[in-house]
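For the sequence shown, my numbering assigns the number 145 to the initial residue and increments by one for each residue that follows. Ideal Cβ positions, reconstructed from N, Cα and C, are used throughout, including at glycine. In this text the structure is predicted, and so the values were computed from the model without any measurement. Accompanying notes for the structure given below.
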Amino acid sequence: MPYHASRNLFWKLFLPIGVVLLLSALAAALFLPAAIERNAQQDAVDAAQATVRQFLILRRYYTENVAAKVLAQSDLKVSFDHRGDDKTIPLPATMVHDLSLLLQDSGTSLKLYSPYPFPNRAGRELDSFGQEAWNFLKASPDAAFVRTDLLQGKRTVRVALADRMSAQACVACHNSLPSSPKKDWKLGDVRGVLEVQSSREVASAARVVTLTLATLGAIMLLIAIFLRVFYQRNIARPLHAALDSARSLTAASAEQVVAVQAIAAGDLDATLTPTVLPMIPREALSHDEAGEVLQSVLDMAAVQRSFDQAFASMTEALRASRAAGQARDWLKSGQNDISTLLRGEPELAAMAERILSYLAQRLGASVGILYLLEEDKPRMERVAGYALAADGAHPQSVAAGEGLIGQAMREQRTLCVSDVPHGFLPVASALGKTQPASLLVAPLLHGTNLVGAIELGSFRAFSAQELEFMELVREALAVGFEVALARVRLRQLLSNTEQQAEELRVQQEELQQSNEELEERAELLERQREQIRAKNADLEEASRELAARAEQLQKVSAYKTEFMANMSHELRTPLNSMLILASMLKENKSGNLEARQLEYITTIHHAGKDLLDLINDILDLSKVEAGAVEFEYSTVSPQQLCESMLALFQAPATQKALALTATVAPEVPAALHLDSQRVQQILKNLLSNALKFTSKGGVGLKIRRARADENPLPGPALAFDVSDTGIGVAADKHALIFEAFKQADGSISRSYGGTGLGLSISLQTARKMGGELLLRSEEGKGSTFTLFLPLTQAAEVPRSAPPGDILPPLPDDRGHLAPGQHCILIVEDDRAFASVLMDLVHQRGYSALVAHDGESACALASQHLPGGVLLDVKLARSDGWEVMRRLKSEQRTRRIPVHFISGLEQAQQALRMGAIGYVNKPVTREQLDKVFDTLEAAMSGPARSLLLVEDDAGEASSLTALLSGRGAEVAQAASGAEALQRLGEETFDCVVLDLGLPDMAGGELLSRLRADARWRSLPVIIHSGQELSREQQRELNCIADSVIIKGARSPERLLSEVSLFLHAVEQRREGAVADEDRRLPDKAVLGGKTVLIVDDDMRNLFSLTGLLSEQGMLVLEAENGREGLDCLERHEEVAVVLMDIMMPQMDGYEALRAIRADARWQALPVIAMTAKAMPDDYQKCLEAGASDYLAKPLDVEQLLSLLRVWCSR
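See below:
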């Protein structure tokens, strides 16, 4: 290793150390004296404070024990001037001063001075230190004032401390001396400065600094010599050997550097010579850092050799990567060229030729052909060829499956064929003709859409790279050709559009001429518009006046409505009492009335009924005019509607020898969406008028679709024609008859009665339903009234729920049922609720069967014949309605009582099908207990027989299903003769009779039954859709047990009435009731029950009390709602309440709400009675808490029927 290199390394290693040591010495030289001086000052301060404390202690001792005693007990004096006087001792301060002079030779002196003019200090001035010290200590007596000064050629530390009054004796001494500078000394006052001067500490500190610096310099010199020797022996020599080895290692790699540079420049063919390892003797390797350096050189040589090998491997990988990159570049450049060709040529044929030529050259093909598939064509057409032979052997079009290219189309994949036989795509030139060695057929697909196909032939086999290129560009070619084909189609469309535009231009010229004519007319219209504006202004003024009048009319209408409501109450209230009392007198139970008196009473009752009908008509008209009528739409069968009208009016028509017909046109839907009640009300009015004004001929009803030329409604309409051959209406009276209280013949001597309200109500009701009522009539030739209503076909309701997932059966008792053992079938798709029902069945002591779908329910019912069924509606496979139908249609299961528990509100349908009850989910435990009570009662009761006389097969089937559910055996008769025959052959407990029978009237059959002793006491319930006259109602009430008019709630009432009569029959069997009481249900149910009547009209209270007392009821009376509540508090035995609505103090609504708010009376039946008869009275009563509703005047039979129903629950 050269000397200069070793020297450089030495300085690089040890120069930082030398600099650090030198800086440390400089820092010590600079900061050490100051530090030592600070320490010397601090030591001086500490020594001064110690000295001062000693002198102060001595002075205090002297003051307290010497000066004080001398002054107190001897004739000695204390003064600063004590020298030369044996009778004087020094003052404490003088004593301190004298002692400080004695101690000056020890290196420490003490001075006491003050700016106060003490006698011995007169003329003495303080130096600068003393003045600064006094000022400082005066402000800070507890601190020390320190400074180093040069005194007498020596550096001296001067420390000044405050001299304070610290003893009371001292204070007294100073205050007592005549020469004292002031007389008000106190403890703590600063009276002077105690200065301590010390030069020993400063000299000692200087010596310490000199000695320290000399020692530090010697140590640094020794360290430098040691480091130089250590470096030369232990670092420089080993490093020389390592450096020589490294140079030999790098000198041998010159060829490698050249090879690496060539490879880096891109010459991957250059070779790299392996590195030769240096020869280093093993004894040169020591176990220190130099040895590690030599070992590192050897390791570096080994790493270099490994690097050479890795670099050679990397060079090989780069060669392979360059080949792959060139292949990718070839593919990418081909794709780019294809994209350029597809974008550069708008013409399809030229683009196809260029694409095919490029592909042939790119893939090294000698021949090629291109086919494209045009839209809406089954075959591909040839559009381009490359080097094709001129013999025309190539097909112009190809279909899927034809030849190799057709097969590729069908399979939608590329086909590559080698060793091609003779005849495939020949290659021809001027010098000869030959066959290609390999064929490539590629279909062009865009997604799954076939656009065309390319076939190429080559004298060599296509390489994998060429096949990959073809696969890559197939879809791009398909998209490009698809766009080109679309462009061709667009040109065709553009040409067509241009032609149409030319035609449009001609038409526009014609329109322009027309517009000029229209402009002339527009000017005329503008003038007319100005006139119209003026008229509109007048009309707006008139409209404002009309609006004001309309508001007045609205107020008048409201007043009229309120007046009608009040008049209704005032008229109905006395009329109610009159009718009830007349009914009671008419029965003549005491037998003391003469026949003529009974006739008078009957006349009074009929007159009251007529008055009631008149009031009802007036109120109906008021409701319609006020718009307070609410419509309830439902599914209606037009055929049943006709049959209902025939049944209702057949008897009056027969009495007048008139032909009555009702037909439905074939085009009318089988189900209509109508308000059945309102439509029947209009038809009844029209048919009633037709019968009234027709004396010969006939009356007809026809339901048909309205023709377009007669339809007054905006959409499709249904027409109800009511025609007659009566007296007709004069043309000038057509509008008059639709007015209220008006008739065509309004003279005093008119031949026909009536109020003239029927047609007015019908017209207003029709218009409220969106319809119209029109008349076609000629006087003397009859009339035709046509009711037009919007045609709305009812939607079909599916018979069963859609099949869902069938639940696995819940474990039940089917596996261990004993023969004849009572069980209950639970049909429920909710497993949790089915489990709850099964537990309740077990609690009742019965076995349980569980089914989750309709089919399983029917199978279990047929196999085990359960005593009762709990049935849900929404089920899988077959719904609850289908299960019910199948149970009632089979002889073995028709008598099984079925109770519905469902979330659907369809109780009426369930009861009509024969169910014994229906409750809606969710149900409470109390409701379930009632369900099981009802089911057990139906299961335990004996079979009772009932005869149903009904000519309508559908109605008979429905009623049979309804009544069979209550445990009755129902027999049917379709005519009066069949009914008499069955009564003669069998014994029945009750008869349900329809009045409209084909062979005889229902009233005639009933009269024959009452005339025969065998059937005189047999209960008969009239159930008919026929509207009864007053006389018919009276006659039937005398000989029938109950009369029920078919309607929305008639099935429920019929079921209740039948249950009561059959219950009475069962009681007669047990001997509980006497046989002679034919009207047993009233007294059996009502007898002994307590009724509360709440009414402010004494006449009503009197009449109702008499009527109900005759039925065996205990009657309580109250005149208003408050009294009624008080009466309920006193009488817990009240079974039913009759509640009037309009009463003083507390009306019926408030009383109903108060009753329902008390938990004790929530289930108490309350029947509301009102004479106000406003449109929403019924709903208001139910919302307030009423159980049912009766309008005054009360119908006695209806009242008793409702009481029987509610008291039996």
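DSSP, read as helix, strand or coil, puts residue 749 in helix. Residue 1133 sits close to residue 1089, with the two beta carbons spaced by under 9 Å. Uninterrupted beta strand (DSSP E) stretches at least 3 residues long and entirely within the segment 1266 to 1298 occur at 1278 to 1284, given in chain order. Three or more beta-carbon pairs drawn from the segment 1320 to 1337 and the segment 1281 to 1300 are found closer than 8 Å, and the two stretches are therefore classed as touching. Beta-carbon to beta-carbon, residue 1238 and residue 1280 are separated by about 12 Å, too far to satisfy the 8 Å threshold. Excluding the 5 residues flanking it on each side, residue 807 has same chain C-beta neighbours closer than 6 Å at 846, in chain order.
Between the alpha carbons of residue 210 and residue 195 lies a gap of roughly 21 Å. Non-local beta-carbon contacts of residue 628 in its own chain, meaning distances under 7 Å to residues more than five positions away in sequence, involve 492 and 495 in chain order. Per DSSP, the continuous alpha helix (DSSP H) segment holding residue 244 begins and ends at 236 to 246.
Remark: C-beta atoms of residue 482 and residue 598 do not approach each other more closely than 9 Å. Distance from residue 921 to residue 928 at the Cβ level is roughly 7 Å; contact confirmed, criterion being Cβ atoms closer than 8 Å.
By a beta-carbon distance limit of 8 Å, residue 1260 does not contact residue 1298. Their separation comes to about 17 Å. Fewer than three Cβ pairs drawn from the segment 517 to 531 and the segment 610 to 617 lie within less than 8 Å of each other, which leaves the two stretches out of contact. Put simply, of 1124, 1000, 580 and 230 the residue whose alpha carbon is nearest the alpha carbon of residue 1151 is 1124.
Counting along the chain, the unbroken alpha helix (DSSP H) around residue 904 starts and ends at 902 to 912.
Judged by DSSP in its simplified three-state form, residue 496 adopts helix.
Comparing C-alpha distances from residue 521 to each of 596, 1129 and 955 shows the shortest one belongs to 596. The alpha carbon of residue 231 has as its nearest neighbour, out of 220, 238 and 1053, the alpha carbon of 220.
Contact annotation: residue 309 and residue 301 have beta-carbon atoms that are not nearer than 9 Å. Residue range 1258 to 1262 is occupied by the beta strand (DSSP E) that includes residue 1261. Scanning its chain for C-beta atoms nearer than 7 Å, with the 5 sequence neighbours on each side dropped, one finds around residue 332 the residues 308 and 309, in chain order. In the three-state scheme derived from DSSP, where H, G and I count as helix and E and B as strand, residue 1337 is classed as coil. With respect to residue 542, residue 550 sits close: the two C-beta atoms are nearer than 9 Å. A direct Cα-to-Cα measurement between residue 1334 and residue 1288 gives close to 20 Å.
Residue pairing by DSSP puts residue 934 in a beta bridge opposite 861. Contact fails between the segment 356 to 372 and the segment 316 to 325, because fewer than three Cβ pairs, one in each stretch, are under 8 Å apart. Going by DSSP, residue 510 is part of no alpha helix (DSSP H) at all; its letter is neither H nor E.
Assigned with DSSP and collapsed to three states, residue 549 falls in helix. A straight-line Cα-Cα distance of about 38 Å links residue 811 and residue 1044.
Contact between residue 1312 and residue 1285 is confirmed by a C-beta separation of about 6 Å, below the 8 Å threshold. Nearest to residue 611 by C-alpha distance, out of 1232, 586, 312 and 1017, is 586. Taking a C-beta distance under 9 Å as the contact criterion, residue 848 and residue 809 qualify as a contact pair.
For residue 306, same chain residues with a beta-carbon under 6 Å away, outside a window of 5 residues either side, are 281, 285 and 334 in chain order.
Take the alpha-carbon of residue 294 and the one of residue 303: they are about 14 Å apart. Around residue 1350, the same chain offers 1280, 1309, 1311, 1331 and 1332 as residues with beta carbons nearer than 8 Å, after the five sequence neighbours per side are excluded. In this structure residue 971 touches residue 1001 by the C-beta definition: roughly 4 Å separates them, less than 8 Å.
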